[in-house]
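Structure first, commentary second.
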Amino acid sequence: MAAGNYVEVHAGGKPQLLRETMTSLETRLDPDRFVRIHRSAIVNQRFVRELRPRGERDLDCVLASGAILKVAR
Numbered sequence: 004m005a006a007g008n009y010v011e012v013h014a015g016g017k018p019q020l021l022r023e024t025m026t027s028l029e030t031r032l033d034p035d036r037f038v039r040i041h042r043s044a045i046v047n048q049r050f051v052r053e054l055r056p057r058g059e060r061d062l063d064c065v066l067a068s069g070a071i072l073k074v075a076r
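Sequential numbering from 4 applies to the sequence shown in the numbering used here.
Encoded structure:
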């Protein structure tokens, strides 16, 4: 999740704060494993449980942990 010029990385159970932009982090991640679903969220596809419709044109991404993230158009 983005937090200004910081990125909050959720891995291994404890969030870590990195001083980096989402764009910079995205370029370093394997595009076959990670997908940017929103301007403030990148997810590992392995942990996506489902994409759920929300309204007529919007989607939510449900992760294996149960977290729900908004998917950008």
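We put the CB at the ideal spot given by N, CA and C, even for glycine.
Item, Value
"Please check the pair residue 45 and residue 29, which I expect to be a contact at CB under 8 Å, by giving their CB distance rounded to whole angstroms.", "6 Å"
"Output the boundary residues of the alpha helix (DSSP H) element that contains residue 66.", "It is not in any alpha helix (DSSP H) - residue 66 instead sits in the beta strand (DSSP E) that spans 61 to 66."
"Quick one: grab the DSSP three-state call for residue 29.", "helix"
"Out of curiosity, what's the CA-to-CA distance linking residue 55 and residue 37?", "19 Å"
"Among the residues of its own chain, which have a CB less than 6 Å from the CB of residue 50, if the five just before and after it don't count?", "66 and 67"
"Looking only at its own chain, which residues have a Cβ that is under 7 Å from the Cβ of residue 62, when we skip the five neighbours before and after it?", "54, 55, 56 and 74"
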